[in-house]
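Below: the structure, in structure tokens.
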Amino acid sequence: MGESCTEAPVAIIGSFYVKPMQRFLETFEELAVSAAIGTIKEFKGQLSLNDLDAIFLSSATAANVIGKEGQYAWETVFASNFGLNIGLHTFSKGSEALHHLMTEIKAKESEVVLLLGCDKRSDEQYFSDISNKGIDPNLRLWNWNWQNVYACTAAKYLYETNLIHDDLITMAINDKYNSTKDPTKKLKDFLPLIEKSEKRPLYDPLTVDDFASTTFDGAAGLILCSSERAYDYVKRPVFVKSSTSVTSSSEFWNQKNMLSYPALAKAAEKAYKTAQIKSKDIDLVSIDTKVTIIGPLVLEGLGIMEFPALKKISKYITILDPEFNESHIRYHNNLGNELIINPSGSTHYFGNIPGVSGLYRLITLYEQLTGQAENQVNNNPKLALLQEQSASGMKQMVHILEVE
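Numbering of the sequence shown is given in this note's numbering, commencing with residue 336 and proceeding in unit increments.
Right under this line is the structure:
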């Protein structure tokens, strides 16, 4: 397995994102620059564009699909807005960009940087060649191959655990409920779908239609600096305690046990060790739920829930008050500690936008830890965990965040 784990000498001091699940008229370059400038403006005058040492851009489009000609175009746009001397680095995933910026700050090559994610999935020109088998499948749009695999995995999970279809549907409905933008909608508006067994919902986890939407645009930015300078800018910075990336040698369905991610347990173990914490210490966790069955697999791999996690989640959801209107799951471990799972909704809420959705979820954890979230789920959270993965699950990334 390929591994990397860093005790990050960095802190998050600011954030900004455009409204998720939207289609914008701007070009890719314009949307990216708008998000970058928006992040600076959100910092309320404490920083200017000239204060940035580098921009780390996370975008599957910019890094892998547009090509050299397109890359030159957006580099030119950034240079005209930020100056020719700013360092510009491009990656296909937010976690990769985060890893590299931490290394650069640790080496004192940069002090204040912008972590930016942007993609235009509504614009066909950026993924017209997405079926090209020469492109790394982890960087392609979500496709039917992954959907078939996960539908089979969901069926095997039910078989191995003696759980029933309704347990899986319950979690899918919760994820779908989490994605609603209508504040008048409550969980009771979705749960009756379970009873309509003669007509399965479109997002049934045993079909190929169970996945978060990939056809929207997205852009998000975070400002990070060295830990030593964090309190110079804000009263309550969020420190990245550890950042781990592990890549397994093959897809999880080629392993002895296709109900687990080989790289995830290793990534979690290294992240906990570097941060000097245990899974029971975590207050908030944001996991990748682009497909329903990924949720329980990840919670088990992180050591947060024992197998079968789906049983515990389904039980929790089905006993909720029908008037329930929170977009997260509250879980109490064996020690009685409360853990909030996906405090601002699942991946369905932000959309499955490669290179961007992880940054959306990172920002929600940052806002929860600093008390800036609109739906504050915990009065005094201290530790948060962000999990990201590739489409196949071969690559697993775990980040531990802490506020003092």
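In this text, a Cβ means the ideal position worked out from N, Cα and C, and glycines have one as well. Everything numeric in this text was worked out from a predicted model, so none of it was measured.
Closest in C-alpha terms to residue 581, from the list 664, 364, 732, comes 732.
Within its own chain, the residues whose Cβ lies closer than 6 Å to the Cβ of residue 643, once the five positions on either side in sequence are excluded, are 496, listed in chain order. In chain order, 614 place their CB closer than 6 Å to the CB of residue 639, counting only its own chain and leaving out the 5 sequence neighbours on each side. For the options 443, 441, 395, 445, the alpha carbon positioned closest to that of residue 431 is the one of 395. Our two residues, residue 456 and residue 360, have alpha carbons roughly 12 Å apart in a direct line. Around the C-beta of residue 601, 16 or more other C-beta atoms lie within 10 Å, and the residue is accordingly described as buried. Shown here, residue 349 sits in a strand according to DSSP, grouped into three states. With a cutoff of 7 Å on beta-carbon distance, residue 485 and residue 626 are scored as near each other.
Per DSSP, the unbroken beta strand (DSSP E) holding residue 558 starts and ends at 552 to 561.
By the criterion of a C-beta distance shorter than 7 Å, residue 564 is surrounded in its chain by 446, once the five residues flanking it on both sides are discounted. Put simply, the backbone Cα of residue 426 is about 14 Å away from that of residue 725. In this structure the region 687 to 705 touches the region 553 to 571; the number of beta carbon pairs closer than 8 Å is three or more. Taking all protein chains in view, the Cβ of residue 707 is surrounded by fewer than 16 other Cβ atoms within 10 Å, so the residue is classified as exposed. The DSSP-derived three-state label of residue 582 is strand.
By a beta-carbon distance limit of 8 Å, residue 392 does not contact residue 487. Their separation comes to about 35 Å.
Annotation for residue 561: 344, 345, 440, 446 place their beta carbon closer than 7 Å to its own, counting only its chain and skipping 5 residues before and after. With 16 or more other Cβ atoms from the protein chains shown falling within 10 Å of its own Cβ, residue 713 counts as buried. Put simply, the backbone Cα of residue 368 is about 26 Å away from that of residue 703.
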